[in-house]
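Trainee: My questions will all concern the structure given below.
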Amino acid sequence: MWLGDCLAKKGNDWVWFLGRTLLDSAWIARAVAVSASPLPSPPPMKVFTPKFKLRRLDNYRLAAPAGFWEEFPSRPYSTGKSLVMADRLRAAARVAGLGGSEKLAVVLGDITDGANIGCYGRCRWPTVSTNAPSAFEFGEQVTDAIAGWVDSGFAVGPFPVELRPPGVKVNGIMCRVKPNGSARVILNLSAPKGASVNEGIDKNEFPAVMSSTAAWLGVLNQVGPGALIMKMDWSDAYKHVHVRGQDVHLQWFSWLGRDFAETSLVFGAVSSAGIYDRLAKVVLEVVTRIAAFPQQHVCQYLDDVCAAAPGGSSSLHRLETVYRAVAADIGVRLAPTTDPDKAFSPCTAGVVLGIAYDTVAWTWAIPPEKLVRILLEIRGLVDCDVAPQHLVWRVVGRLLHYAPLVPGGRFNIDRVLKANAYSEDRNAAVPLDPGTRRQFYFWFLILRVCDGVTTIPAPEFCPPWAVTFATDAAGGSLDGSGRGARGVGPGFWFVLPWGRRINGGKRAADGRKLGRKLSALELVGPLVCLVAAPQLCRYNAVRVWVDNSGSVAIWKKGYSNSCDICNTIVRAIATVAAALGCRFFIEKITRCSTPEAVLADLLSKGDMGEFWRQSRLVGGFPLSPARLPVALTAWVDNPLADDDLGSRLLRELGLTG
């Protein structure tokens, strides 16, 4: 099996890299132990406990017997009503000083008149779609969930199919089982292809500004260790807003031979998140203004509201009190704190955006049940050549969520992102090449290594005492001579000419000329500084000035979406920097704005006479340029995507001392 081969052939390399990344031999021992230990068994699914006493059916693909519906909740047709009360929200906003805001007016319109889900044109025409196999597989849970919708007023029905109104769009339903065993029923508004509701919606008109793990880490680092944290959660979040009457016709579905219609925002519509998000943000702003709580210490991710305050402060308790009071007044249903995974009052440890934080120990962890499930899914991807697109979407989405927590995470995500973007068809077969499976293995290992014991990461900050280099690079060309990468540092200078492939206009795998890949060419200089001056970089903070904004952005993000050559260089820099134990920063500089930048520019032009005259202003330089590793010059002569460039450079550095 490929996973076994990976453990045998690549496992030691990854263990070594992780240990060096975390700069402690104890981490190497932990990584070795983790890589050799089996995964625990996944926790059993919780036993489903229905909320309604309905007859259990043998086959949920067939129409239910007539007597079944006598036990089922029913609700006559109506266009629905929002849970949030417009007049009460308007009054609360006036108290908070938001009475005349435009965004408040839009939200009040959604609540009062019903939200326009944004579907236009032929996609509003009537169609009939079938239910997904997942709905029938968990038929009892789906039936109980639909009964709950009707009982709560979020859906109307059941109606005989023969009395179906003209012009309605009957959508299929899908099911996703929750950890508690109940079902999340999703209307598939993306079918049928070419005429679906979602194809008639411009999702750009419904932006939802999400928070993220990175944003939450920023909040924690602002308030510091020992911080109090809190989480609020809206129950039945989307159901707080009903849709306008003419859009209810787009939200019909059929189950057990009867028709139903959802009257509120639905899971499955691409506009639902944006419509709900603008309501949630207005409510949050009202609350933070009334509570006089700094908004920069709050993160909102759809229905989750997370906040932090310094230890010993009373401000977070005040925020919770105000939020619950405003919610009760305007009609927002908040989850109780009896389930800490959903909501909890101010404390020093809790689960925020799916990750458990301890602000006293200053560590993070993935809850055990979630960790086992994601690891099993990753292992399945490591060990296969082809995977369904929807599984890749689910796994990569979680990896992006965890990436800000993981040392080196941003440098090991580019290939899995390409797999994530392979197709828009959720059932498409995604080919997984060895490089992609290798990145999945990195995540399979590092999540286990770091979980529960790794420090909450701090924002990157380059100190003023960092060892500083300046580099410059010219595009490849046969006109003139000496084109390549050049740079200077403390008592150090280098010259790296481009080879014939770069200068001669050869094309990379993506079709672009190598000599025109300016961001990639500028990144070569920082890599040279590491491998040609390791004694200057080891255990230090290192800053390299470059004159290319694209190179800086790629380094900060950790990858390029369009250039595998950039990814090769960035990954090599990260690998060598980890081995040298240095914190590495690439920053933008205005051309020739410092003496060092002037010297790098003179080297790039080949003006050695002026270089030596100007060098006296900076300090002495050796007469000869720095020796460059053979592995680097060989790669520059034939630049290809190569995940092992950093490892080869390190082996050569080890052999040369």
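Residue numbering for the sequence shown follows the working numbering, beginning at -7 and increasing consecutively.
Here a beta-carbon is modelled for each residue, glycine too, at the ideal position from N, C-alpha and C.
Where Ser126 and Arg168 are concerned, what is the direct C-alpha to C-alpha distance, given to the nearest angstrom?
Mentor: Whole-angstrom Cα-Cα distance: 8 Å.
Trainee: For Phe486, does the three-state DSSP call read helix, strand or coil?
Mentor: Residue state, collapsed to three classes: strand.
Trainee: Quick one: Cα of Ala300 to Cα of Phe285, how far?
Mentor: Cα to Cα, Ala300 sits roughly 10 Å from Phe285.
Trainee: In terms of DSSP beta bridges, what is Phe64 paired with?
Mentor: Its beta-bridge partners do not exist; DSSP assigns none.
Trainee: Would you mind listing the beta strand (DSSP E) stretches within the region 253 to 297 that are 3+ residues and don't spill past its ends, in chain order?
Mentor: Segments of the beta strand (DSSP E) lying fully in the region 253 to 297: 290 to 293.
Trainee: With a CB to CB cut of under 8 Å and the five nearest residues on each side skipped, what residues in its chain are close to Ala265?
Mentor: Only Phe198, Ala200, Leu294 meet the Cβ criterion.
Trainee: Roughly how many angstroms separate the alpha carbons of Arg22 and Cys529, rounded to a whole number?
Mentor: About 27 Å.
Trainee: Just to confirm, are Ser256 and Gly106 a CB contact at a threshold of 7 Å?
Mentor: No, Cβ-Cβ distance for Ser256 and Gly106 is not below 7 Å.
Trainee: In the DSSP assignment, find the beta strand (DSSP E) that holds Asp635 and state where it starts and stops.
Mentor: Here Asp635 belongs to no beta strand (DSSP E), and DSSP marks it neither H nor E.
Trainee: What whole-angstrom Cβ distance do Arg475 and Ala466 have, given they're in contact under 8 Å?
Mentor: Between Ala466 and Arg475 the Cβ distance is about 5 Å, and since that is below 8 Å, they are a contact.
Trainee: Are the beta-carbon atoms belonging to Ile109 and Val235 less than 7 Å from one another?
Mentor: Result yes, Cβ atoms of Ile109 and Val235 sit closer than 7 Å.
Trainee: Using the Cα positions of Arg640 and Ala524, report the straight-line distance between them to the nearest angstrom.
Mentor: Taking the straight line joining both Cα atoms gives about 14 Å.
Trainee: According to the neighbour-count rule (16 or more other Cβ atoms, all chains shown, within 10 Å of its Cβ), is Gln527 buried or exposed?
Mentor: Burial call: exposed.
Trainee: Quick one: what's got a C-beta closer than 6 Å to Asp490's C-beta in the same chain, skipping five residues either side?
Mentor: According to the sequence provided, residue 490 is Trp. The question's Asp does not apply to it. Once the five neighbours on either side are set aside, the close Cβ partners of Trp490 are Gly468, Arg475, Gly476.
Trainee: Using 10 angstroms around the beta-carbon of Ser17, count the other beta-carbons present and answer buried if the total reaches 16, otherwise exposed.
Mentor: Counting Cβ neighbours within 10 Å, Ser17 comes out exposed, since fewer than 16 surround it.
Trainee: Starting from Asp464, follow its DSSP beta bridges and name the residues at the other end.
Mentor: DSSP, once it has assigned bridges, lists Arg478 as partnering Asp464.
Trainee: Apart from the five residues just before and just after Leu391, which ones in its own chain have a Cβ nearer than 6 Å to its Cβ?
Mentor: If we look at Leu391 and ignore the five residues flanking it on each side, its Cβ neighbours are Trp435.
Trainee: Once DSSP output is grouped into helix, strand and coil, what is the label at Ala78?
Mentor: It is helical.
Trainee: Among the candidates Leu212, Pro118, Trp547, whose CA atom is the shortest distance from the CA of Asp350?
Mentor: Selected option, being the one with the closest Cα: Leu212.
Trainee: Quick one: Cα of Ser596 to Cα of Gly497, how far?
Mentor: Cα to Cα, the separation comes out at about 19 Å.
Trainee: What does the Cβ neighbour count give for Arg47, buried or exposed, with the cut at 16 atoms within 10 Å?
Mentor: Flag for Arg47 reads exposed.
Trainee: Taking 6 Å as the limit between beta carbons, can you name the residues of its chain near Asn650, skipping five residues before and five after?
Mentor: Given that the chain is displayed from residue -7 to residue 649, the structure contains no residue 650 and the question cannot be resolved.
Trainee: Excluding five sequence neighbours on each side, which residues of the same chain lie with their C-beta closer than 6 Å to the C-beta of Ser415?
Mentor: Cβ within range, chain order: Gln381.
Trainee: Is Val262 near the ligand FAD - that is, is its Cβ less than 6 Å away from at least one heavy atom of it?
Mentor: Ligands in the displayed structure: none, and consequently the ligand FAD is not present.
Trainee: Among residues of its own chain, excluding the 5 on either side of Ala592, which ones have a beta-carbon nearer than 7 Å to its beta-carbon?
Mentor: Within the same chain, Ala592 has close Cβ partners Ala462, Thr463, Asp464, Arg478, Gly479, Val480.
Trainee: Quick check: the region 610 to 622 against the region 406 to 426, are at least 3 beta-carbon pairs closer than 8 Å?
Mentor: Judged by Cβ distances under 8 Å, the region 406 to 426 makes no contact with the region 610 to 622, as fewer than three pairs qualify.
Trainee: In the DSSP assignment, what are the bridge partners of Trp226?
Mentor: DSSP output for Trp226 lists Leu326 as bridge partner(s).
Trainee: Under a CB-based cut-off of 7 Å, is Leu209 close to chain C?
Mentor: Any reference to chain C falls outside this structure, which holds one protein chain only.
Trainee: Assuming Val278 and Ala85 make a contact with CB atoms under 8 Å, what is their CB distance in whole Å?
Mentor: Right, their Cβ atoms sit about 5 Å apart.
Trainee: Do Val422 and Val384 come within 7 Å of each other at the CB atom, strictly closer than that value?
Mentor: Cβ distance < 7 Å, so Val384 and Val422 count as in contact.
Trainee: Can you give the Cα-Cα distance for Cys558 and Ala219, rounded to whole angstroms?
Mentor: If I take the Cα positions, the gap works out to 39 Å.
Trainee: So, helix, strand or coil for Val684, using DSSP?
Mentor: There is no way to answer for residue 684, as the model of the chain reaches only from -7 to 649.
Trainee: Checking the sheet assignment: what are the DSSP bridge partners for Ala299?
Mentor: In DSSP, Ala299 forms a bridge with Met222, Val290.
Trainee: Roughly how many angstroms lie between the CA atoms of Trp661 and Ala512, to the nearest whole one?
Mentor: Outside the shown range of the chain, which is -7 to 649, sits residue 661, and nothing can be said about it.
Trainee: Pull up the distance between the alpha-carbon of Leu620 and that of Val189, whole angstroms please.
Mentor: If I take the Cα positions, the gap works out to 59 Å.
Trainee: Which two residues bound the contiguous alpha helix (DSSP H) that contains Leu506?
Mentor: Per DSSP, Leu506 belongs to no alpha helix (DSSP H) and is neither H nor E.
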